[in-house]
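Here's the structure, in structure tokens; my notes come after.
There are 2 protein chains.
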Amino acid sequence: MTRSTDTSWAEHALETLQAAGHRRGGARTAVVEALAGHDCAVTALDLDDELRRRRPPVGRASVYRALEQLEQLGLVQRIEVCRGTAGYERVDPAGHHHHHAICRDCGRMVPFENSSLERAIHEVSEGMSFEVTEHDVVLRGTCERCAN
Amino acid sequence: MTRSTDTSWAEHALETLQAAGHRRGGARTAVVEALAGHDCAVTALDLDDELRRRRPPVGRASVYRALEQLEQLGLVQRIEVCRGTAGYERVDPAGHHHHHAICRDCGRMVPFENSSLERAIHEVSEGMSFEVTEHDVVLRGTCERCAN
DNA sequence: GAGCATAATGAGAATGAATCTAGTTTGTGT
DNA sequence: ACACAAACTAGATTCATTCTCATTATGCTC
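Protein chains in written order, with my numbering: chain A, 19 to 166; chain B, 19 to 166.
Set out below in structure tokens:
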């Protein structure tokens with residue numbers, strides 16, 4: 019579960035894509051594999067850099083397209099990493115997930131999880147006219163390094 | 019408190035700016051006044067549109083600069099409205115604030131507040147190596163209109 | 001295994017929000 | 001009123017993201 023390349027997530031993702039009526043394409047598979055290799059959020063351009071070197075190279079458009087489809091299927095979550103840039107990270111099929119604290123100065127991102135927070139969010143969601151399918155919590159401040 | 023133009027917030031903001039060593043400039047004042055007239059998040063470009071028509075017109079750069087300063091002073095909060103666009107809204111000086119549920123389909127934004135959620139976030143923040151100064155919760159899903 | 005419809009792909013152009021630059025104006029303390 | 005720094009505007013620039021479109025590959029059917 020703490021393996022840095024999460025094979026089970028990748029398999030699950032590829033299966034879900036197929037079940038959703040998608041064909042098996044090289045670029046999208048590469049994106050899934052790359053995501054599986056990251057434990058926390060990566061930007062689309064980081065993935066692009068990483069995948070552009072492959073043979074054959076993966077185009078930027080394909081990376082964005084794949085991420086969008088994965089997000090739509092609830093396989094990855096999108097969060098705002100820093101002003102105007104999105105980060106993507108895989109979603110545990112078991113529903114287990116974490117949130118992030120982001121340092122205002124250096125952009126460092128620290129994941130955390132907390133069950134009473136989850137419970138509170140769940141309760142709020144219930145009492146809402148919305149049908150809430152996803153939530154996202156971001157704490158912002160200064161990390162211990164930048165605080166001096 | 020439900021007045022659509024919140025004069026007290028505007029006054030508070032202008033005072034805080036001054037206390038922070040800022041001079042009183044026409045453009046920034048205009049931005050503060052415009053923000054006071056909105057109860058929920060507005061995008062920078064909406065404000066720009068709104069203020070460009072003034073005599074004298076306010077430049078786009080000034081809008082962004084003012085928003086950044088206001089955010090730095092904790093007078094406005096920045097949230098991601100839709101992919102790649104930020105929304106800004108005034109922060110109640112009393113510390114009273116709300117979060118948002120955003121419809122994935124139509125982009126509609128519904129504010130909500132919940133004290134046990136706040137409490138949970140506060141607790142998490144305490145136990146963190148970060149010095150957390152701000153937090154942001156976004157619920158995403160389908161609003162009752164789009165759900166049919 | 002060949003043929004077909006169509007999804008998937010990649011290169012690069014286009015978009016659009018946000019930031020930066022340069023030169024000008026304005027506010028404030030003296 | 002003067003001087004000097006902060007604030008301002010217009011427009012160019014940057015940079016993430018999306019779009020276009022010609023090309024390639026997949027999965028089906030026969």
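In this text, a Cβ means the ideal position worked out from N, Cα and C, and glycines have one as well.
Measure the beta-carbon distance from residue i to residue j and round it to whole angstroms, keeping in mind my assumption that it falls under 8 Å.
i                 : j                 : result
Glu131 of chain A : His117 of chain A : 7 Å
Val167 of chain B : Phe148 of chain A : No answer is possible for residue 167 of chain B: the residues shown for chain B start at 19 and end at 166.
Take residue i as the anchor and find which of the options has the nearest alpha-carbon.
i                 : options                              : result
Asp64 of chain A  : A:Arg73, A:Gln87, A:Val49            : A:Val49
Thr52 of chain B  : B:Ala28, B:Thr34, B:Ala38            : A small correction: the amino acid at residue 52 of chain B is Ala; Thr does not occupy that position in the sequence shown. When only C-alpha atoms are compared, the closest one is B:Ala28.
Glu152 of chain B : A:Met146, A:Cys161, A:Gly92, A:His30 : A:Cys161
Ile120 of chain A : A:Leu35, A:Asp66, A:Ile97, A:Gly145  : A:Ile97
Asp57 of chain A  : A:Arg42, A:Thr23, A:Gly39, A:Gly43   : A:Thr23
Ala38 of chain B  : B:His140, B:Ser133, B:Gln87          : B:Gln87
Glu141 of chain B : A:Arg72, A:Gly43, A:Ser133, A:Arg73  : A:Ser133
Taking the CB atoms as reference points, tell me whether residue i and residue j lie closer together than 8 Å.
i                 : j                 : result
Val60 of chain B  : Gly105 of chain B : yes
Val81 of chain A  : Ala62 of chain A  : yes
Arg101 of chain B : Gly159 of chain B : no
Glu107 of chain B : Val99 of chain B  : no
Val76 of chain A  : Leu69 of chain A  : yes
Leu91 of chain B  : Leu35 of chain B  : yes
Arg25 of chain B  : Ala45 of chain B  : Checking the sequence, you will find Thr at residue 25 of chain B rather than Arg. The answer is no: Cβ separation not under 8 Å.
Ser143 of chain A : Leu135 of chain B : no
Cys124 of chain B : Arg163 of chain B : yes
Ala138 of chain B : Ala138 of chain A : yes
Which residues of chain A have a Cβ atom closer than 7 Å to the Cβ of residue i, listed in chain order?
i                 : result
Gly125 of chain B : None at all; the shortest Cβ gap to chain A is about 13 Å.
Glu98 of chain B  : Glu98
Using a cut-off of 9 Å between C-beta atoms, extract the partners of residue i located in chain A.
i                : result
Leu85 of chain B : Ordered by position in chain A, no residue passes the 9 Å Cβ test against Leu85 of chain B, which lies about 11 Å from the chain.
Output, in chain order, the set of chain A residues within a Cβ distance shorter than 8 Å of residue i.
i                 : result
Gly55 of chain B  : In chain order: nothing, as chain A lies at least about 25 Å away.
Cys58 of chain B  : Residues of chain A passing the Cβ test: none, with the nearest at roughly 15 Å.
Ala244 of chain B : It is not possible to answer for residue 244 of chain B, since the shown part of chain B is limited to 19 through 166.
Ala45 of chain B  : Chain A residues near Ala45 of chain B: none, gap ~21 Å exceeds 8 Å.
What does residue i touch in chain B if you count any residue whose Cβ is under 7 Å from its own?
i                 : result
Gly102 of chain A : Gly102
For a contact defined as C-beta to C-beta under 9 Å, what are the partners of residue i on chain B?
i                 : result
Ala62 of chain A  : Ordered by position in chain B, no residue passes the 9 Å Cβ test against Ala62 of chain A, which lies about 11 Å from the chain.
Glu162 of chain A : Ser147, Phe148, Glu149
According to a CB-to-CB cut-off of less than 9 Å, which residues of the segment 140-159 of chain A neighbour chain B?
Glu141, Val142, Ser143, Gly145, Met146, Ser147, Phe148, Glu149, Val150, Thr151, Glu152, His153, Asp154, Val155, Val156, Leu157, Arg158, Gly159
Between the segment 110-136 of chain B and chain A, which residues of the former have CB atoms less than 8 Å from a CB of the latter, in chain order?
Ala119, Cys121, Arg122, Val128, Phe130, Asn132, Ser134, Leu135
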